[in-house]
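Residue numbers (the working numbering): 9 to 64.
Ideal placement from N, C-alpha and C gives every residue a C-beta, glycine not left out.
Keep in mind that this is a model prediction, so the values were computed, not measured.
Structure (structure tokens):
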């Protein structure tokens, strides 16, 4: 499986599926579609719809 990264279009913070966000209860390997719908960007508070998949 290939993990993807998603960038906040507001502040540029990046969510990496492989790394997850353990400090917020999102385990490493958590796919973007499985991140809770009410989750917000830890940097600026943007919603999931304000993120875009990016190729690295």
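Item: Short CB-CB distance (under 9 Å) between residue 47 and chain D; Value: The question asks about chain D, but that chain is absent: this structure has only one protein chain.
Item: Residue closest to residue 9, alpha-carbon to alpha-carbon, out of 21, 17, 25, 16; Value: 25
Item: Residue nearest to residue 53 in terms of C-alpha spacing, selected from 19, 13, 14, 12; Value: 19
Item: Per DSSP, the bridge partner or partners of residue 58; Value: Partner(s): none; residue 58 has no beta bridge.
Item: Ranges of the alpha helix (DSSP H) found wholly within the region 15–42, counting only runs of at least 4; Value: none
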